[in-house]
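Below: one structure, written as structure tokens.
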Amino acid sequence: REKEAAGRSYGDLHGLLSLATFSSGETGEPMIPCIFKYDELIKATDNNETCGKGKEDRFSVKEQAEYDNKKMKCSNDGACPPYRRLSLCNKNLENIKTNIIDNKQKLLAEVCMAAKYEGDSIKDYYKRYDAEYSSGSGFTLCTMLARSFADIGDIVRGRDLYGGNKKKKRLEDNLKDIFKKIHSDVTKNGAEARYKDDGGDFFQLREDWWNANRAKVWEAITCNAQGNTYFHATCSMNGSCSQATKQCRCGDGKSKAGKTSDNVSIVPTYFDYVPQYLRWFEEWAED
């Protein structure tokens, strides 16, 4: 799908972190989300609660008990969120400032920040999680990162099933507002026919934005996944398939500027193209 996005205004939707300028000017290298100066983004938006207020103990005994007793609310068609999803590090997206985050570059910075902090959180807690809910696969970290990556993709694209509360509505309304601005920019370049506003939802635009930028988000969520391997042989290497053994990434683990195929080659997972409720059912069964 990344290649399809390349033929659908890829240049208009592909973000560069170096162009995500805030009060202090450029904040990072164009293609390196792991060293992006997120503190400048936090300063500009006054929003540093990516994983909450810092007092939460993710995968705590209390949360575990609530989960095991199935006290959380189920959502569409009985699809219940898995344990990992209950405290996804996306609080910065829930509180996104649409007057500041107003283009594809800044949105990419916000999404990468959520992904990086989520990856760091999973890295810190996955051993505790695996001890309680071991899948026995030996590839727990990359799998958990892929699942969170896919959930972030669903949020961006407006198809997340979790919640139904005021925070979710505010998040969705804010994303619609941001994509409305991106839509205005994209349609100046003749993409009106493809990018209808879908009644203000901008679903196709959001789908293509995700496809054009998912490699950067995967790079961000795997910043600290050194030494871990993805469980399936999904990487295309010289006409054959191989496992992602470098930091849960395909190839040498480094995203390269230039061709579209280079930018997307590090992503080994297709979880973000599997319906969320199916991913959740699988994870629920493991839990």
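When we follow full-length UniProt numbering, the leftmost residue of the sequence shown carries the number 1, and every step to the right adds one. Even for Gly, the Cβ is constructed at its ideal location relative to N, Cα and C.
(message) Assuming residue 114 and residue 89 are in contact, meaning their beta carbons sit under 8 Å apart, how far apart are those beta carbons, in whole angstroms?
(response) In this structure residue 114 touches residue 89 by the C-beta definition: roughly 6 Å separates them, less than 8 Å.
(request) Select from 153, 229 and 207 the residue whose C-alpha is nearest the C-alpha of residue 272. (result) It is 153 whose Cα lies nearest to the Cα of residue 272.
(message) Strictly by DSSP, which residues pair up with residue 235?
(response) DSSP output for residue 235 lists 242 as bridge partner(s).
(message) Spatial neighbours of residue 94 within its chain, please: C-beta separation below 7 Å, excluding the five flanking residues on both sides.
(response) Cβ neighbours of residue 94 beyond the five flanking positions: 167, 170 and 171.
(request) Compute the beta-carbon to beta-carbon distance between residue 117 and residue 141, rounded to the nearest angstrom, for a pair I have assumed lies under 8 Å. (result) Not really, about 16 Å apart at Cβ, beyond 8 Å.
(request) Indicate whether the contact test is met: 3 or more Cβ pairs, each with one atom in the segment 147-161 and one in the segment 198-216, closer than 8 Å. (result) Yes, they touch.
(message) Can you tell me whether residue 212 is buried or exposed? The criterion is at least 16 other CB atoms within 10 Å of its CB, across all chains shown.
(response) Buried, by the Cβ-count rule.
(message) Please report the straight-line C-alpha distance between residue 199 and residue 37, rounded to a whole angstrom.
(response) Straight-line Cα distance between these residues: approximately 36 Å.
(message) Classify residue 17: buried if its beta carbon has 16 or more other beta carbons within 10 angstroms, exposed otherwise.
(response) Counting the other CB atoms within 10 Å of its CB gives residue 17 a total of 16 or more, which places it among the buried residues.
(request) List the residues that DSSP assigns as beta-bridge partners of residue 249. (result) Answer is 246, bridged to residue 249.
(request) Run the CB neighbour count on residue 276, radius 10 Å, all protein chains shown included, and call it buried at 16 or more, exposed below. (result) With 16 or more Cβ atoms within 10 Å of its Cβ, residue 276 is classed as buried.
(request) Tell me whether residue 202 sits in a helix, a strand or coil according to DSSP, three-state version. (result) In this structure, DSSP gives residue 202 a state outside helix and strand, which the three-state scheme calls coil.
(request) Within the same chain, show all residues whose beta-carbon is closer than 6 Å to that of residue 250, passing over the 5 residues directly before and after it, in chain order. (result) Excluding residues up to 5 positions away in sequence, 235, 244, 265, 266 and 268 lie with their Cβ nearer than 6 Å to the Cβ of residue 250 in the same chain.
(message) Here's the rule: buried if 16 or more other CB atoms are within 10 angstroms of the residue's CB, otherwise exposed. What is residue 47?
(response) Looking at its Cβ environment, which holds 16 or more other Cβ atoms inside 10 Å, residue 47 is buried.
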